[in-house]
Structure formats: C-alpha cells, structure tokens
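Colleague: These protein sequences, in sequence, are chains A and B. Taking the numbering used here, the leading residue of the first sequence gets 53, the next gets one more, and so forth. Taking the numbering used here, the leading residue of the second sequence gets 53, the next gets one more, and so forth. Positions of the beta carbon are idealized from the N, C-alpha and C atoms, including for glycine.
Protein chains: 2
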Amino acid sequence: MQGEVSMTQDIEKATEDGAFGITERLVSDVKDAVDLGDVAGVEALIDPLHPADVAHLIEQVDGKDRRDLLEACKGGIDGEVLSELDDKLRSQVIGCLDQAELAEAVKNLESDDVVDLVEHLQVGQQEAVLDALTDTDRALVEQALTYPEESAGRHMQVELVRAPEHWTVGDAIDYLRSDDVQLPEQFYHLILIDPRMKPVGYVTLGRLLSAKRNVKLADLTESTFRTFGVSQDVEEVAQAINHYHMITAPVVDEDGRLIGVITIDDAMMFLEEEAEEDLLRLAGVGEGSLSDRVYETTRRRFPWLAVNLVTAIFASLVIAMFEEVIAGLVALAVLMPIVASMGGNAGTQSLTVAVRAMATRDLTSANVLRVIRREVLVGLINGVIFAVVMGLVGIVWFGSPMLGVVIGVAMIINLVVAGLAGTVIPVVLERFGIDPALASGAFVTTVTDVVGFFSFLGLAALWLI
Amino acid sequence: MQGEVSMTQDIEKATEDGAFGITERLVSDVKDAVDLGDVAGVEALIDPLHPADVAHLIEQVDGKDRRDLLEACKGGIDGEVLSELDDKLRSQVIGCLDQAELAEAVKNLESDDVVDLVEHLQVGQQEAVLDALTDTDRALVEQALTYPEESAGRHMQVELVRAPEHWTVGDAIDYLRSDDVQLPEQFYHLILIDPRMKPVGYVTLGRLLSAKRNVKLADLTESTFRTFGVSQDVEEVAQAINHYHMITAPVVDEDGRLIGVITIDDAMMFLEEEAEEDLLRLAGVGEGSLSDRVYETTRRRFPWLAVNLVTAIFASLVIAMFEEVIAGLVALAVLMPIVASMGGNAGTQSLTVAVRAMATRDLTSANVLRVIRREVLVGLINGVIFAVVMGLVGIVWFGSPMLGVVIGVAMIINLVVAGLAGTVIPVVLERFGIDPALASGAFVTTVTDVVGFFSFLGLAALWLI
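1. Going along chain A in order, which residues have a C-beta closer than 7 Å to the C-beta of Arg-353/B?
2. Can you name the residues of chain E whose CB is closer than 8 Å to the CB of Tyr-296/B?
3. For Thr-500/B, which residues does DSSP report across the bridge?
4. At 4 residues or longer, what runs of the alpha helix (DSSP H) sit wholly inside the segment 167-252 of chain A?
5. Considering Val-313/A, what are the terminal residues of the beta strand (DSSP E) in which it resides?
6. Ser-262/B touches chain A at which residues, Cβ-Cβ below 7 Å?
7. Select from Tyr-347/B, Ala-392/B and Pro-355/B the residue whose C-alpha is nearest the C-alpha of Tyr-364/A.
8. Using alpha carbons as the reference points, say which of Val-113/B, Asp-187/B, Ala-184/B and Asp-168/B lies closest to Pro-200/B.
9. Measuring only the C-alpha atoms, how far is Phe-450/A from Ala-462/A?
10. Output needed in chain order: residues of the segment 322-333 of chain A with a Cβ under 8 Å from some Cβ in chain B.
11. How should Val-57/A be labelled, buried or exposed, when 16 other C-beta atoms within 10 angstroms of its C-beta is the threshold for buried?
12. For chain B, find out if any of its Cβ atoms is closer than 8 Å to the Cβ of Tyr-199/A; answer yes or no.
13. Quick one, are the C-beta atoms of Ser-203/A and Ser-135/A less than 8 Å apart?
14. Label Ala-512/A either buried or exposed according to how many other C-beta atoms from any shown protein chain fall within 10 Å of its C-beta, with 16 as the threshold for buried.
15. I'd like the list of long-range same chain contacts for Val-405/B, defined as Cβ closer than 7 Å, with 5 residues on each side in sequence excluded.
16. Using three-state DSSP, classify Phe-354/B as helix, strand or coil.
17. Any C-beta of chain A within less than 7 Å: which residues of the segment 121-137 of chain B qualify?
18. Relative to chain A, which residues along the segment 299-318 of chain B have a C-beta separation below 8 Å, given in chain order?
19. Taking a Cβ distance cut-off of 9 Å, strictly less, list which residues of the segment 447-469 of chain B are near chain A, in chain order.
20. Give a yes or no on whether the C-beta atoms belonging to Met-249/A and Arg-309/A are separated by under 8 Å.
21. Does Gly-258/A come within less than 8 Å of chain B when only Cβ atoms are used?
22. Closer than 7 Å between beta carbons: that is the criterion. Which residues of the segment 402-428 of chain A meet it against chain B?
23. Quick one: list the residues of chain A neighbouring Val-441/B, beta-carbon separation under 9 Å, in chain order.
24. Are the Cβ atoms of Val-346/A and Val-430/B separated by less than 8 Å?
25. Using a Cβ-Cβ cutoff of less than 6 Å, which residues in the same chain neighbour Ile-424/A once the five nearest sequence positions on both sides are dropped?
26. What are the boundary residues of the beta strand (DSSP E) that Ala-335/B is part of?
27. By the DSSP assignment, the beta strand (DSSP E) with Ala-301/B in it spans what residues?
28. So Leu-516/A and Leu-467/A are supposed to be a Cβ contact under 8 Å. How far apart are they, rounded?
29. So which residues on chain A does Thr-186/B lean against when the C-beta distance must stay under 7 Å?
30. Residues of chain A with a CB under 8 Å from the CB of Ser-368/B: which are they?
31. How would you list, in chain order, the residues of chain B whose beta-carbon sits under 8 Å from the beta-carbon of Asn-397/A?
32. Any idea what DSSP makes of Phe-374/A, helix, strand or coil?
33. Would you tell me roughly how many angstroms separate the C-alpha atoms of Ala-383/A and Val-445/A, rounded to the nearest one?
34. So if I threshold CB-CB distances at 7 Å, which residues from the segment 498-512 of chain B count as touching chain A?
35. With DSSP collapsed to three states, give me the class of Gly-451/B.
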C-alpha cells in the first residue's frame, strides 16, 4: 500500500496544472534526467505514471531525447503503454524490444488490446508479438485478424461472462464466486444465453447484487439490450452504445451466437477517433498525428492542396473569360474576391452542419428536403442583408450605385447557391458511397468560387460596361 | 416476457437499415398514423422504442406533424425521452404537459438527469419540474444548480455506493445484499472512503465478486483511481475518463469529501458534444441544431459571415493599393485568387491540426516550437512544389516567365506564412483565454488573404511593371 499512496500523491502533483495528463514540468524533468543519462532518475519519474501518461510522455519528447528515453526504459515498457502509443511510435518502440521483453509486455493484455497492437505492425513485428502469446491467446488474436478492419469482430473483447437464461440470482452469484471459474479482468454484465448460445438479455452486476437469490436473471434484464453482428462497422456499434447509453454491446456471429463484446471505454475511443477524422478531413488534412515528421506531413497535405489548386485554376478560368471587363473597370478586381469569399464561408457553414448531421444520423431522407429549404432560405436572407451592406460599400467606396447593385445581386445569388451546394453535395456524395467529410469541401468551394466570380463579373458585363 | 420478446423483434426490424436508430419507414408510418389521427396506431409504433429513439423521432418530424405527434403521446412522454430531446424541443414538449404528467415523467430520473433537464428551462418551467420532485430530490437538484454550468458538480450523479476502506469483500457483499440498503439504479464500483469521507480508491463489482470474502477491499483497488474537484470543468473530467479508461470518476467537494460521480456514459456524451462544438466553431457555425428554424439559423450564422465580410474588405483594400498595377496587366487579377486560396487552404490545414491537438492536449509548450517549425517547413516544401507548377502555368497560359516567377515566389511566401499563422494564432489566442476554435479561422484567412494579395501584386509591381 505504500506504493499506492505515493502514487496518488504523484498523480495529484502531476495534475496540478490540469485535470489529467502530464505536466510540462514533468516533461522537462524527464528530458533533463535523460540528458544526464540518469536511468534511475528516469525510472523514478516514470514509474508512478499511468500507462496512458507514459505513452503521452514518449509522444511529447523529440528525436534524440525520445530514443534516449526508450533506451532508459528498456525492458520496462509494459504492454499497456504499447497499447496507448500511436501506431507509428508503437512500431518504433516494439522495434527496440527483444523477444523476451516483448513477451513480457504483451502477456497480460486482453485479446482486443493485442489485436489493436498488432494490426498495423509490419508482418515481421506482428509475428514477433504473436510468438510471444500463449497458444490460446494467439488463436484468439489470429481469429480476430480474419475479420475486416474496422469491424466489430476485429475489435471485440472475447473475455466475457455468459449465464444460461434460466439461472437465478443465486446460481449466478455461486458461479461467479466459485474457485474454478476464470473471470475477465473487467466486466460489468452477465450476458444471458439460450441453449443455442444466442444472447437474449443482460444483467448488470449492480442489479445482480441488489436482488434476492431466488429472483430469475431473466427478470432483471436491461431494456437497452440489443446485439451487433461480427462484421458490422465498429463505429456504428460505438454510436449505438452512445445513443442507447449501453456499457457493453454483445457481438454475435453469423448464426447469432454470442462471441464477444464491445465495451463502452473502447467505444468512447472509437467515437473520439471518428470525430477527429471528420474534423481533419473537412479541413483537408486527412490522417496523421502531431508526431509525424516534416516529410510525412508534407506528403499527406499535398494532395488536398493539389485538388485546391485545380479548383482555384478553374475559378481563374472563369475570371479570364472577363479579362476585358476587368480591364475596363479595375474596381471589379478589387471587389470580386469578397463575393467568392462570402460564398465560400456560407457554403462551409452549410456543409459542416450537413456532414455532422449525417454522422450523427440527424440528417435523413425524412428531413433532407426541409434542411435544404432551410439552408437556401438562410442563404437568401443573409444574402439580402449583405447585398445591402455591399451595395452601400460599392457606392461609398467607388461612387457607383450600379456597381453596388451588381455586387449586391451577385452576393445574393452566391449565398443561395452556397446553401444549396453545401447541403446537396454531401448528401449526393454519400449516396454514391463517397465519404462526404473527405470530398465535399473542394466541390463546394469550387461551386461558390465559380458562381461568385461568374455572377459578379457577368452582371458587371451586362449592366456596367 | 412476452413484451420483451416482441420488443426485441421490433428493434431488430428497426435496425435493418442500420446499426441503431429509427428507420425512415418508421418515421413515415408514424407520420401517416398522426395524419389519420390514429392515436392507438401512434402508440403501438412508439411504445417498443428506446427513449433515445422516441426523442430522435420527435426531432425528425416537422412543424404541424410534431405538434400532432406530441398531442397523440400526451401523458405518455416519459422522463427519459425528455432527457434525450435537444434543449429547445424539450422546453416545447414540457410546455405541453400538465403538472401531474410532468411529475409522473420526472419522478424516476436520476438527479443528474433532472439537472440536465431543468438547467436550460425558463424559470417558470424549471419551477414546475422542481415542484414535481420529492423534497429530497428537489434539494439535490437545487444544490447541483448552485455549481457553475459545465462544472463537475452540476453534472455529477449523487447516487453512488460508498464503503469504508477497512471493509473486507465479505462485509461489502453482505452490505450490498442486505434488505435495508437503497442502491442506485446503475453502479459499477464501490468507492472506498476514509473516516473523514475522503475517497481513497475504488473496487469494480466484477473484482469484488471474484474475490474471497476475507480479502480486504483496499487490496482490490484499481490503479486508474483519481478524484476530481466539484468546480472542475466537466469536459476535462470526461477527457480524463477517456484518457485513463475509467468507468466512474469520483467528485469531491472543497474539503476533499466524496459527493458524487461522473459516469462514463455521460462523459461520452460530453466528449461528443465538445467535438461537435469544435467542428462547428471552426466552420463558423457556432451552436445550433438541425431542428432550428430559418430565423434562428440565419441569426446564428450572420455574425460569422459579418466577420468574414470585414476581413474580405480588408483584403480588398490591399488589392485596391495595386489598382494601377492590375490595370497595367489584367492577368494579375485572373491569377491573384489562386495565391490567396492556396494560402487559405494551407492555413486551415495547420490551424485545424493545432486546434485539435490543443483540445486533446497533444500540443503543449513542450513541443509547440517543434510543431511550428514543422508547419513552416511543410509550407516551404509544398510552396516550392506549387511555385514550380504555377510558374509553368504562368508561362504556358500567359507566355510570361516573369509572371511565373512572381506567382511562384508569392506562393512560397504565402504557404510559409500560412503554416506559421495557422499554428501561432490559435496558440496565442488560447494564451489570452480565447477559444481558438472560435476565433482562429477569421484571423488566419485574413493573414493569408492579405499576405497572398500583397506579395503577389507587390512583386508584380516590382518585377513586371
């Protein structure tokens, strides 16, 4: 218990600056100890930390410091720290461990954590980890790896507690408390199964403990109970866990037999990852982590910028159609980016709302027409307001009421189109099976740029020149 | 059990189209029944649904349909459905219930759900809900409402199970199974407290059930244990729950005494809300939901567009400085949006990565300089590549090698500045206590627009004219 108490104190110290995580002080202390080659000092700093914090620390330190830190921890990196590291660092860290150290590190992990650990490793490293497992665990992990990436089967935990549906509370308690039963490290439910191994309900341990011995388990089941298929998308399962406030989601095979569970803590991680993915995709960043180096970051961002260049050139071609008009009135060149920029912003607003609402299933074919109508009307109203403002700017700045009318009308047209494109484009992309978060941005800004420049310069050609 | 079975079938039917939620078929069936005034039919469709799905259904139907649907459910809306509704609809639905119906609806909710329910209601409605509670529950809810919005105290659940730290497994099991103890609806841990009511560790029910009666609870505690202050930000607690894979987070008052818990299912909801907020703020949308009407949506989006208009006009002033240059070479007007657009995109990439990394605490002062250096270098490399491409475009399209050089150099300058501004601006805003997700976008695109136009037109003035 001595260790426990000092650990709590260390954590309190570590969280002075925030609710969780490691302090900047700690990072610099570790760096100093590493620089001094003070292995005992490094260990003293790292030992009291939660594995998630150790992983975070390794991610925070850089290049040579990181290598020295890993060197100092050698043999001391445990499996949970490996689980918490991001994919690329994990592979780097595993590369530093010898077979015995690796075996030691992975032996206490649950099967789903081992799967997470190995699924993105290169074949050689994967084999090394699998070799470090017992035969039973290895079979479980290899089985999980046969399911598609991102499926419930790939990410489920197979350690769970089954109970026949006819059992009473007394039967269940006696079973759980008997000597010869091997229970999972963490579990929160008993899952009731019928004679064909199909899950039919679950009982929380809290309810089990509060009930009389002669009560039937079947009378204590939770109304949130539902099952998920082994090949179902794991993010969908995670969304369902969030939607129905479940703690454990039972996973069944093709014949409906219970073969695993997705737990809420993993679901939380999947949802966080999904939200991050959507955010980064909408911004044209794609995957990647903060610990990526310059080369990888450049390579990841390049394609998005290249797409943007093509769309920007496309917009420039529209401007080029009106070169003579601009030569006749250079004020048009000054004002035209305003129309395009306002359209781009309004389009991004509509688009983001639509993409998010599709992710949370709030936008469905039941209400899509209403949402499109709303976005168009919002564009129209904001368009009219900004048309008046820009009309006045046109008059005051350039002394030309007609220029004011042109920019005003172009603004209305572009904001209406922005509302329409911002909603319709992601919906259509999704119908065609294309991730709307990934592709909508480029389409929408192309539309608003082209419409913005064309309507403004076109109206100017008609009414001003 | 008959009801249970048919419920499961209904859910299976309801999830044919997806992992969770309601089908479009169901929405249209409900609409049809509502249109026919078939109250029994509506009830038959709604009864088997989970409260979260009923709330979702109410959100999906529109205007008059929604009023008719609520009319048909009258007296049948239960408290959990109210909890699941979004704030504005909830207030509308509560407005339709009389005092007796309201009392019936809220009487079985946990204290934290009642707090969520009432915190955004108008005073009159809040009073009506509070009047519907028992005196004890009312006192708990009123206590929670004294804590700041978004604090752990406001959102904690006070129903929890304490155990003295000196107890054995046998003591705890006997206590939980005794007749005169009132246990919470859902609980997953025993929280150990010292004689001064300070929490010192927790034991999961699974571990409790697997241990011998004479084992001390103190020997079964989880290493994830840590406590949170009552006034701490609830999103921070949620992030810690995610980071440390906790199921229950104990909340303590100023004297360190245990007064409640934040549970993982609530934490998951807070994190989802936070991710959504960041996404919508980055896109300049702010709050708001899909069920908002045109007026509210217009009003919410307007300020962001207004800010964008000001920054766009600012960029136009920069262009206006070079009117004569453009008049001398209209090709500049055709090409200048490309430079600004590429800068804006690259800036948004850097910005989104930085904002997200700050939210997940991956970007700290320990690595901020490294990240800034990386972003600048990425801008430089991508800038050079696109400079070459655009240089060629300039030559091929306009037959002017010098124009190619001008746009190429301007591109490099703007992408480097984009990387710098995209990282430094959110970091500086956060130092000043301003939410970087909220304000960074406008600043960054202003910088990239101004720098893009100024460098391109300025270099053109120097080298071309």
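Modeller: Reading it off the structure:
1. As a working note, residue 353/B is residue 301 in the second sequence. What Arg-353/B touches in chain A: Gln-401, Val-430 and Asn-434.
2. As a matter of chain content, chain E is missing from the structure shown, whose protein chains are A and B.
3. Sequence index remark: in the second sequence, residue 500/B carries index 448 (1-based). According to DSSP, Thr-500/B bridges with nothing at all.
4. 175-183, 187-198, 204-207 and 221-229
5. For the purposes of this step, residue 313/A is taken as the residue at position 261 of the first sequence. 310-315 is the span of the beta strand (DSSP E), which, as asked, contains Val-313/A.
6. As a working mapping, residue 262/B is identified with position 210 in the second sequence. Residues of chain A passing the Cβ test: Leu-228 and Leu-235.
7. Numbered from its first residue, the first sequence carries residue 364/A at position 312. Note on identity: in this sequence residue 364/A is Ala, with Tyr being the wrong assignment. Measuring from the Cα of Ala-364/A, the nearest candidate turns out to be Ala-392/B.
8. Position 148 of the second sequence, counted from the start, is the residue given in the question as residue 200/B. The residue with the shortest Cα to Cα distance from Pro-200/B is Asp-168/B.
9. The count along the first sequence starts at 1 and reaches residue 450/A at position 398. The count along the first sequence starts at 1 and reaches residue 462/A at position 410. Between Phe-450/A and Ala-462/A, the C-alpha separation is close to 17 Å.
10. Leu-323, Glu-324, Ala-327, Glu-328, Asp-330, Leu-331 and Leu-332
11. Counting from one through the first sequence, the residue named residue 57/A turns up at place 5. In this predicted model, Val-57/A has a pLDDT of only 39, less than 50, meaning its place in the structure is not dependable; the value taken from the coordinates is given anyway. Classification for Val-57/A: exposed.
12. Translated into positions along the first sequence, residue 199/A becomes position 147. No, no contact with chain B.
13. Locating residue 203/A in the first sequence gives position 151, where the first residue counts as 1. Locating residue 135/A in the first sequence gives position 83, where the first residue counts as 1. No.
14. Along the first sequence, read from residue 1 onward, the residue named residue 512/A stands at position 460. Label assigned to Ala-512/A: buried.
15. As a position in the second sequence, residue 405/B is number 353, starting the count at 1. There are no such residues.
16. Residue numbering aside, residue 354/B sits at position 302 when the second sequence is read from its first letter. Correct three-state label for Phe-354/B: helix.
17. none
18. Ile-299, Ile-316 and Asp-317
19. Trp-449 and Leu-467
20. Along the first sequence, one-based indexing puts residue 249/A at 197. Along the first sequence, one-based indexing puts residue 309/A at 257. Cβ atoms of Met-249/A and Arg-309/A: closer than 8 Å.
21. What you label residue 258/A is simply residue 206 of the first sequence in a count that begins at 1. For Gly-258/A, the answer is yes, since a Cβ of chain B falls inside 8 Å of its Cβ.
22. Thr-404, Val-405, Arg-408, Ala-409, Arg-413, Asp-414, Leu-415, Thr-416, Ser-417, Ala-418, Asn-419, Arg-422, Val-423 and Arg-426
23. On the second sequence, residue 441/B is found 389 positions in, with the first residue counted as 1. Residues of chain A passing the Cβ test: Ala-358 and Leu-361.
24. Translated into positions along the first sequence, residue 346/A becomes position 294. Translated into positions along the second sequence, residue 430/B becomes position 378. In this structure, Val-430/B lies closer than 8 Å to Val-346/A by Cβ.
25. Looking up residue 424/A in the first sequence gives position 372. Once the five neighbours on either side are set aside, the close Cβ partners of Ile-424/A are Thr-475.
26. On the second sequence, residue 335/B is found 283 positions in, with the first residue counted as 1. Note, Ala-335/B: premise wrong, no beta strand (DSSP E); not H, not E.
27. Residue 301/B sits at position 249 when you count from the first residue of the second sequence. From DSSP, the beta strand (DSSP E) with Ala-301/B extends over 300-304.
28. Here residue 516/A is taken as the residue at index 464 of the first sequence, counted from 1. Here residue 467/A is taken as the residue at index 415 of the first sequence, counted from 1. Contact flag wrong, Cβ pair sits at about 21 Å.
29. Stepping through the second sequence from its first residue, residue 186/B is reached at position 134. By Cβ distance, chain A contributes nothing, its closest Cβ being about 21 Å from Thr-186/B, past 7 Å.
30. Locating residue 368/B in the second sequence gives position 316, where the first residue counts as 1. Within 8 Å Cβ-Cβ: Val-386, Leu-387, Pro-389 and Ile-390.
31. For the purposes of this step, residue 397/A is taken as the residue at position 345 of the first sequence. Ordered by position in chain B, the residues that pass the 8 Å Cβ test against Asn-397/A are Gly-336, Trp-356, Leu-357 and Asn-360.
32. Against the first sequence, residue 374/A aligns to sequence position 322. If DSSP states are grouped into helix, strand and coil, Phe-374/A belongs with coil.
33. Counting from one through the first sequence, the residue named residue 383/A turns up at place 331. Counting from one through the first sequence, the residue named residue 445/A turns up at place 393. Going from the Cα of Ala-383/A to the Cα of Val-445/A covers about 12 Å.
34. none
35. On the second sequence, residue 451/B is found 399 positions in, with the first residue counted as 1. Looking at Gly-451/B - three-state DSSP - the assignment turns out to be coil, as it is neither helix nor strand.
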